[in-house]
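The next block holds one structure in the form of structure tokens; read it before the comments.
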Amino acid sequence: EPEVTQTPSHQVTQMGQEVILRCVPISNHLYFYWYRQILGQKVEFLVSFYNNEISEKSEIFDDQFSVERPDGSNFTLKIRSTKLEDSAMYFCASMLEGPYEQYFGPGTRLTVT
Amino acid sequence: AQTVTQSQPEMSVQEAETVTLSCTYDTSESNYYLFWYKQPPSRQMILVIRQEAYKQQNATENRFSVNFQKAAKSFSLKISDSQLGDTAMYFCAANYGGSQGNLIFGKGTKLSVKP
Chain A
1 EPEVTQTPSH QVTQMGQEVI LRCVPISNHL YFYWYRQILG QKVEFLVSFY
51 NNEISEKSEI FDDQFSVERP DGSNFTLKIR STKLEDSAMY FCASMLEGPY
101 EQYFGPGTRL TVT
Chain B
1 AQTVTQSQPE MSVQEAETVT LSCTYDTSES NYYLFWYKQP PSRQMILVIR
51 QEAYKQQNAT ENRFSVNFQK AAKSFSLKIS DSQLGDTAMY FCAANYGGSQ
101 GNLIFGKGTK LSVKP
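Protein chains in written order, with this note's numbering: chain A, 1 to 113; chain B, 1 to 115.
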């Protein structure tokens, strides 16, 4: 069964460094999302991406964040200058077409020290 | 504001028994989609069941079923014949935004199934 994959599974970085989180959505899906979950808290929406552009973003998704779909398979989230409060689990999700269910990847645990 | 509320932080159930997890939501949209996701200790989010608001019939997937009360804005999840593998965090989520809408999640209910 097709699944969403994410790499790395765990990333440790120092405050102020740039990180890139990678996702490979399910191949025929058209909608892509990033969510984050701070430990012990609920899952929060960051950004959605469709037709090679951002379709919606939350107030969390400020200028430090960017997304790209550099080729036909990868979907990346870049954090330009990480802060301690960016430490969280980051989930990528994809959806075939709206408004069906979103399929989540296993997540990347980001630890900023 | 469009919200999703889960008022039970933790619940436990004996193996083979039935448990119901509560979820309420608030929206002024007429059409929307509701989901229950399971997050086991591995932390991967797994879809359990989904409900379209325009459908009156409650969704069912094997041992999992929902009680969707649109007027009360309630969307509870019933797990029958609970199994040890059902131990997980359960998140109620809503898509209020139509075809491209993002998911709004509740805070989750931690379910423990005891042998």
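By construction, the Cβ of each residue, glycine as well, lies at the ideal position given by its N, Cα and C atoms.
All values derive from a computational prediction rather than experimental measurement.
Test: residue i CB closer than 9 Å to a CB of chain B
{"i": "S152/A", "result": "Nothing in the structure corresponds to residue 152/A, since chain A is present only between 1 and 113."}
Interface flag, residue i vs chain A, CB-CB below 9 Å
{"i": "M11/B", "result": "no"}
{"i": "R50/B", "result": "yes"}
{"i": "I79/B", "result": "no"}
{"i": "A88/B", "result": "no"}
{"i": "Q2/B", "result": "no"}
{"i": "A16/B", "result": "no"}
{"i": "N102/B", "result": "yes"}
CA-to-CA distance, residue j to residue i, given in whole angstroms
{"i": "Q8/B", "j": "F32/A", "result": "30 Å"}
{"i": "Y25/B", "j": "V4/B", "result": "4 Å"}
{"i": "N74/A", "j": "I20/A", "result": "12 Å"}
{"i": "I192/B", "j": "N67/B", "result": "It is not possible to answer for residue 192/B, since the shown part of chain B is limited to 1 through 115."}
Three-state class that DSSP yields for residue i in the structure shown
{"i": "E85/A", "result": "helix"}
{"i": "L96/A", "result": "coil"}
{"i": "L39/A", "result": "coil"}
{"i": "L119/B", "result": "Outside the shown range of chain B (1 to 115) lies residue 119/B, about which nothing can therefore be said."}
{"i": "D26/B", "result": "strand"}
{"i": "E68/A", "result": "strand"}
Start and end residues, beta strand (DSSP E) containing residue i
{"i": "E18/A", "result": "That residue, E18/A, is in no beta strand (DSSP E); it is neither H nor E in DSSP."}
{"i": "T109/B", "result": "T109 to K114"}
{"i": "N67/B", "result": "F64 to Q69"}
{"i": "Y33/B", "result": "Y33 to Q39"}
{"i": "Q14/B", "result": "E10 to Q14"}
Determine, using beta-carbon pairs with one atom in the segment 10–27 of chain A and one in the segment 104–111 of chain A, whether at least three such pairs fall under 8 Å. When C-beta atoms of the segment 10–27 of chain A are compared with those of the segment 104–111 of chain A, three or more pairs fall below 8 Å, so the two segments count as touching.
Tell me whether the segment 85–97 of chain B and the segment 31–43 of chain B touch, counting them as touching only if at least three CB pairs, one residue from each stretch, are closer than 8 Å. With three or more CB-CB distances shorter than 8 Å, the segment 85–97 of chain B counts as touching the segment 31–43 of chain B.
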